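Novice: Once you've had a glance at the structure underneath, I'll fire off some questions.
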Amino acid sequence: MEKLFVSTENKKYPIYFERNFDGLMEACEEAGFSNGKICIIADSNVGKLYMNKAKDDFGKIFSEVYGYEFQAGEQSKNLKTIMKIYDFCAEKHIDRKSVIACLGGGVCGDMAGFAAATFMRGIKFIQIPTSLLAQVDSSVGGKVGVDFKGNKNMIGAFYQPEFVYMALDVLDSLPEREFAAGMAEVIKYGPISSENFLNFIEKNKEKIKARDKEILKEIITKCCEIKADVVSRDEKDTGKREILNFGHTIGHAVETKKGFELLHGECVALGMKAVLNICEKRGYITKEIVNKICSLLSFFGLPLQTSGITAEEVYKQMFLDKKVKNNVIRFVLMKDFGVLKRTGNVNKEEIISAINNILR
Ligand SMILES: NC(=O)c1ccc[n+]([C@@H]2O[C@H](COP(=O)([O-])OP(=O)(O)OC[C@H]3O[C@@H](n4cnc5c(N)ncnc54)[C@H](O)[C@@H]3O)[C@@H](O)[C@H]2O)c1
Ligand SMILES: [Zn+2]
Numbered sequence: 016m017e018k019l020f021v022s023t024e025n026k027k028y029p030i031y032f033e034r035n036f037d038g039l040m041e042a043c044e045e046a047g048f049s050n051g052k053i054c055i056i057a058d059s060n061v062g063k064l065y066m067n068k069a070k071d072d073f074g075k076i077f078s079e080v081y082g083y084e085f086q087a088g089e090q091s092k093n094l095k096t097i098m099k100i101y102d103f104c105a106e107k108h109i110d111r112k113s114v115i116a117c118l119g120g121g122v123c124g125d126m127a128g129f130a131a132a133t134f135m136r137g138i139k140f141i142q143i144p145t146s147l148l149a150q151v152d153s154s155v156g157g158k159v160g161v162d163f164k165g166n167k168n169m170i171g172a173f174y175q176p177e178f179v180y181m182a183l184d185v186l187d188s189l190p191e192r193e194f195a196a197g198m199a200e201v202i203k204y205g206p207i208s209s210e211n212f213l214n215f216i217e218k219n220k221e222k223i224k225a226r227d228k229e230i231l232k233e234i235i236t237k238c239c240e241i242k243a244d245v246v247s248r249d250e251k252d253t254g255k256r257e258i259l260n261f262g263h264t265i266g267h268a269v270e271t272k273k274g275f276e277l278l279h280g281e282c283v284a285l286g287m288k289a290v291l292n293i294c295e296k297r298g299y300i301t302k303e304i305v306n307k308i309c310s311l312l313s314f315f316g317l318p319l320q321t322s323g324i325t326a327e328e329v330y331k332q333m334f335l336d337k338k339v340k341n342n343v344i345r346f347v348l349m350k351d352f353g354v355l356k357r358t359g360n361v362n363k364e365e366i367i368s369a370i371n372n373i374l375r
């Protein structure tokens with residue numbers, strides 16, 4: 016099976032790129048799983064579509080297979096759902112030799128991964144990401160956690176899975192808007208890595224939109240390679256990993272100010288446009304580069320403008336982000352493709368003007 020390895024300080028694990036669940040058994044064998052119990056966790060949407068199939072496939076390896084479903088949506092990503100997962104695991108006598116499988120998007124991966132990190136001081140877990148966002152971003156890197164008192168990902172851990180298994184065909188059932196949101200994170204890897212990657216997306220944009228699996232596989236693999244590389248150099252997010260936040264500084268604030276009416280990926284698109292505006296004004300990049308990235312975002316149906324919020328409001332919100340230390344707002348600026356500048360030195364005027372650039 017085709018795979019890519021993620022290496023962290025204490026662990027090296029594979030990411031598999033397959034079409035369907037047929038290779039799961041082999042992946043489990045390679046991970047040394049046999050007999051024992053597995054608890055598959057999925058949200059209500061993904062559960063309806065894929066839980067039975069996953070149960071059947073895991074049944075070929077594990078002697079006991081359980082499935083737990085929670086209500087789909089970010090509003091479930093909290094300690095209440097974690098408690099229910101613990102309850103379920105305790106009831107089924109999940110033990111330290113058992114495995115948790117996260118079957119779903121980023122919400123499920125983050126939350127079930129956190130349950131695995133903490134149940135019995137940590138049991139093994141695997142990621143089976145089903146959304147594009149989860150396949151290119153959240154399932155790789157070991158950040159797990161839940162929201163707390165309205166703060167995104169406030170409670171969590173760094174906890175790496177035994178493997179990540181991508182079944183590309185599941186992307187067919189992903190709603191259009193969710194697919195587009197995932198594309199924002201895909202396009203984000205352009206500025207982070209190379210113009211070639213962006214050109215590849217540009218050249219194949221129609222096929223991507225039609226969810227051509229061969230092309231998607233190339234793209235998802237590339238995103239995972241970039242993320243795995245960054246994570247291997249900075250697993251615990253102490254510096255370099257910050258580049259993965261390209262477009263997120265303003266994006267996060269917009270996401271909160273819009274009351275989570277926009278999807279995360281949609282806000283990343285807005286945030287990227289805003290930060291590109293700062294880079295262009297500073298003379299780091301040309302208007303052509305900004306247009307190239309923005310027209311791709313727009314092609315996939317992502318917003319480049321929004322309304323109902325003010326620049327001043329968004330600016331104030333930015334100080335409440337958990338990445339802000341000593342009142343310094345951190346930015347990742349693009350000087351060229353693959354050449355990024357991490358800085359706390361962007362002034363209010365630049366930020367306000369960039370936000371106004373995405374407001375109608
Ligand atoms: N851990 C990390 O490094 C990291 C990175 C980025 C984002 N995240 C987190 O990821 C979450 C967002 O992830 P998401 O966008 O995947 O959200 P999500 O898990 O809520 O999935 C989005 C929607 O798509 C549905 N869905 C998923 N796969 C499907 C499929 N194959 N077919 C049909 N429907 C499907 C889900 O049920 C849900 O309604 C946020 O909570 C964010 O904080 C984590
Ligand atoms: Zn993101």
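Going by this note's numbering, the first residue of the sequence shown is number 16, and it counts up by one from there.
In this text, a Cβ means the ideal position worked out from N, Cα and C, and glycines have one as well.
Bear in mind the structure is a predicted one, so any value in this text is a computation, not a measurement.
1) Comparing alpha-carbon positions, which option in Y174, K167, K272 and E217 lies nearest K337?
2) In the DSSP assignment, find the unbroken alpha helix (DSSP H) run with G286 in it and report its ends.
3) Using three-state DSSP, classify Y390 as helix, strand or coil.
4) In this structure, how does DSSP classify D152 when only helix, strand and coil are distinguished?
5) With the cut-off set at 8 angstroms, would you say I76 and F48 are in Cβ contact?
6) Helix, strand or coil, according to DSSP, for I344 in the structure here?
7) Give a yes or no on whether the C-beta atoms belonging to E217 and V151 are separated by under 8 angstroms.
8) Rank T358, G353 and Y330 by C-alpha distance to the C-alpha of I366 and give the top, closest one.
9) I'd like the list of long-range same chain contacts for A268, defined as Cβ closer than 6 angstroms, with 5 residues on each side in sequence excluded.
10) Taking 7 angstroms as the limit between beta carbons, can you name the residues of its chain near Q175, skipping five residues before and five after?
11) Quick one: is the Cβ of L64 within less than 7 angstroms of any heavy atom of ligand 1?
12) On the DSSP bridge assignment, give the partners of C43 in chain order.
13) Hey, how far is the Cα of K242 from the Cα of M169?
14) Which residue's Cα is closest to the Cα of V283: G262, L348, V290 and T301?
15) Can you check which of these residues, G316, G286 and L148, is closest to V305 by C-alpha distance?
16) Is G353 closer than 8 angstroms to S153 when the C-beta atoms are compared?
17) So what does DSSP say about A69, is it helix, strand or coil?
18) Please report the residue range of the alpha helix (DSSP H) in which I76 lies.
19) Report the residue from C54, K356 and M16 whose alpha carbon sits nearest the alpha carbon of I207.
20) With a threshold of 16 other CB atoms inside 10 Å of the CB of S126, please say whether the residue is buried or exposed.
21) Leaving out the 5 sequence neighbours to the left and right, which residues in its chain are closer than 8 angstroms to K18 when beta-carbon positions are compared?
22) Considering R192, what are the terminal residues of the beta strand (DSSP E) in which it resides?
23) Please go through the same chain and pick out, in chain order, the residues whose beta-carbon is closer than 7 angstroms to the beta-carbon of N35, but skip the five residues on each side of it.
24) Beta-carbon within less than 6 angstroms of K296's beta-carbon, same chain only, minus the 5 sequence neighbours each way: which residues are those?
25) So, at 8 angstroms on beta carbons, what are the nonlocal neighbours of G120 in its own chain, with the 5 sequence-adjacent residues on each side left out?
Specialist: According to the structure shown:
1) When only C-alpha atoms are compared, the closest one is K167.
2) Annotation: the continuous alpha helix (DSSP H) that includes G286 extends over H279 to K296.
3) Not covered by the structure: residue 390. The range shown for the chain is 16 to 375.
4) D152 falls in the helix class under three-state DSSP.
5) Yes; because the gap between Cβ atoms is below 8 angstroms, this pair is in contact.
6) Reduced to three states, the DSSP call for I344 is coil.
7) Between E217 and V151, the gap from beta carbon to beta carbon reaches 8 angstroms or more.
8) For the residues T358, G353 and Y330, the minimum Cα distance to I366 belongs to Y330.
9) In its chain, beyond the 5 residues on either side, V329, Q332 and M333 have a beta carbon closer than 6 angstroms to the beta carbon of A268.
10) Residues of the same chain with a CB within less than 7 angstroms of the CB of Q175, apart from the 5 flanking positions on each side, are T23, K26, Y28 and G157 in chain order.
11) L64: yes, Cβ under 7 angstroms from ligand 1.
12) Paired residues: none, contrary to the question.
13) Computed Cα separation, rounded: 22 angstroms.
14) Cα-wise, what sits closest to V283 is G262.
15) Its Cα nearest to that of V305, the residue G286 stands out among G316, G286 and L148.
16) Not a contact, by the Cβ cut-off of 8 angstroms.
17) In the structure shown, A69 sits in a helix (DSSP, three-state: H, G or I).
18) That residue, I76, is in no alpha helix (DSSP H); it is neither H nor E in DSSP.
19) Nearest C-alpha to I207: K356.
20) What sits at residue 126 in the sequence shown is Met, not Ser. Buried, because 16 or more other Cβ atoms sit within 10 Å of the Cβ of M126.
21) By the criterion of a C-beta distance shorter than 8 angstroms, K18 is surrounded in its chain by P29, I30, Y31 and F32, once the five residues flanking it on both sides are discounted.
22) Counted as a single uninterrupted DSSP element, the stretch harbouring R192 is not any beta strand (DSSP E) but the alpha helix (DSSP H) occupying residues E191 to I207.
23) The beta carbon of N35 sits closer than 7 angstroms to the beta carbons of A182 and D184 from its chain, once the five residues preceding and following it are set aside; these are given in chain order.
24) None.
25) So the list reads D58, V61, P144, T145, S146, L148, A149, S153 and E193, once near-sequence residues are dropped.
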